[in-house]
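Letter by letter, the sequence shown follows residues 23 to 286 of our numbering. For glycine and all other residues, C-beta sits at the position ideal for the given N, C-alpha and C. In what follows, a single structure is set out as structure tokens and then discussed.
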Amino acid sequence: MAVAGDSPAVAAAAVPLVRLTGVSCGYERHIVLTDVSLQVARRHVLALVGPNGAGKTTLLRTLLGLLPARAGRIEHGEGQPPRIGYVPQTDVSEVLFPVTAIEVALMGLTPRLGLIRRAGAAEKGAAQRALERFGVGDLAGRQFRALSGGQRQRVLLARGLVGDPELLVLDEPVRGLDVASSTALVALMVGLARSHGIAIVVATHSLDLVANHADDVALVHRGAVRAGPAAEVMTGAVLSQFHGLPVHVHEVDGQRVVLAGKAP
């Protein structure tokens with residue numbers, strides 16, 4: 023789906039990097055999600071939305087190639103799997119152990135460097151530039167655990183971007199952040215997708231996060247996934263049917279506001 027107002031060049035860039043058709047996701051004999059069909063396109067933000075334990079992380083791991091599909095097809099529209107950057111939730115080890123912001127950013131190059139090779143000047147330069155891109159270049163030598171929540175998330179974004187990915191995957195990126203920090207982080211993600219021509223997949227339990235920013239949405243709930251353009255999915259009728267309780271979507275000053283009622 024092309025974003026409204028996109029140029030022909032941008033619309034052409036929306037060729038899916040990854041397409042899932044009738045995919046089942048799970049672990050050995052335990053199937054978590056069934057019949058998942060969705061696509062991830064360049065310059066688009068796809069939001070995976072659902073409560074904790076719904077299967078968002080399982081779907082992310084399948085998209086990342088860490089879990090094989092238990093059924094269905096996973097296709098790569100440009101002929102080969104895309105380069106992937108991953109922005110996890112803040113790792114406990116990164117908070118407990120003394121690592122600096124630039125060392126965290128360099129972790130994004132581990133697939134390229136391996137576990138033994140040390141980062142050289144070129145890799146450290148790339149990590150520094152990635153930190154600067156997100157406005158935290160001056161924090162390179164600071165301890166990661168001493169940073170604020172918003173600063174940590176920017177460092178983790180640098181970690182995800184340092185390897186020049188075509189697909190950037192973020193797991194609960196605004197968890198624990200205040201409204202101002204969350205809004206700034208979402209703006210960064212959307213700008214990143216547009217300016218770098220990459221695809222971004224965000225897993226979150228917050229409808230408010232994606233209501234006005236995601237191009238495409240995949241609702242994950244009770245073993246099922248409903249995916250499509252945000253304009254079609256983020257409606258009161260679809261959300262109410264999918265979640266089994268009244269959900270109302272209103273527009274206030276051009277912004278969607280999602281209000282959930284109580285189950286009958």
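Under the Cβ criterion (8 Å, minimum of three pairs), the region 269 to 281 counts as touching the region 223 to 237. Its Cα nearest to that of residue 37, the residue 63 stands out among 63, 193 and 265. Under the three-state reduction of DSSP output, residue 141 falls in the coil class, being neither helix nor strand. Sorting 221, 226 and 245 by C-alpha distance to the C-alpha of residue 237 places 221 at the top. By the Cβ-count criterion, residue 49 is exposed, with fewer than 16 other Cβ atoms from all chains shown falling within 10 Å of its own Cβ.
Within its own chain, the residues whose Cβ lies closer than 8 Å to the Cβ of residue 155, once the five positions on either side in sequence are excluded, are 180 and 183, listed in chain order. Cβ contact annotation for residue 210 (same chain, cutoff 8 Å, sequence separation greater than five): 156, 176 and 179, in chain order. The continuous beta strand (DSSP E) containing residue 107 extends over residues 106 to 109.
In this structure, the CA atom of residue 254 is about 14 Å from the CA atom of residue 229. Per DSSP, residue 222 lies in no alpha helix (DSSP H) segment; the continuous beta strand (DSSP E) that holds it begins and ends at 221 to 226. When secondary structure is reduced to three states using DSSP, residue 194 falls in the coil class, being assigned neither helix nor strand. Under the DSSP assignment, residue 125 falls in the alpha helix (DSSP H) whose first and last residues are 123 to 128. The DSSP-derived three-state label of residue 79 is helix. Going by beta carbons, residue 111 and residue 193 fall inside the 7 Å limit.
Scanning its chain for C-beta atoms nearer than 6 Å, with the 5 sequence neighbours on each side dropped, one finds around residue 204 the residues 196, in chain order. Taking C-beta atoms as the reference points, residue 212 and residue 67 count as a pair closer than 7 Å. Between residue 72 and residue 242, the C-beta gap is smaller than 7 Å, which places the two residues in contact. Of the residues assessed, residue 80 falls on the buried side of the cut-off, its CB having 16 or more other CB atoms within 10 angstroms.
Distance check between residue 153 and each of 174, 140 and 141 places 174 closest, using alpha-carbon atoms only. Residue 95: member of the beta strand (DSSP E) spanning 93 to 97, first to last residue. Comparing C-alpha distances from residue 145 to each of 188, 128 and 88 shows the shortest one belongs to 128.
Distance check between residue 92 and each of 105, 42 and 74 places 42 closest, using alpha-carbon atoms only.
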